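In the UniProt record's numbering, the protein residues as written are 1 to 66.
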């Protein structure tokens, strides 16, 4: 199934957006989202996955994402 991201013209412009070039540093929601996460320094990556699964599960349960 083709998506909008398969359109070369769209993808070229999309890839020039600040969020695409600077990652989370350019995401307006990142400061608020970051406060929901525990300090992950020195943790194994499976903990990060568990945290993300938990957050996504919570958002799904509350109907905030579909």
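For glycine and all other residues, C-beta sits at the position ideal for the given N, C-alpha and C.
Since this is a predicted model, take the numbers as computed values, not measurements.
By DSSP, does residue i sit in helix, in strand, or in coil?
i	result
residue 20	helix
residue 8	helix
residue 13	helix
residue 63	coil
residue 28	coil
residue 57	helix
residue 50	helix
residue 43	coil
With distances taken between CB atoms, is the gap from residue i to residue j smaller than 9 angstroms?
i	j	result
residue 51	residue 40	yes
residue 18	residue 26	yes
As a quick exercise: from the options, pick the residue whose alpha carbon is nearest that of residue i.
i	options	result
residue 33	55, 49, 42	55
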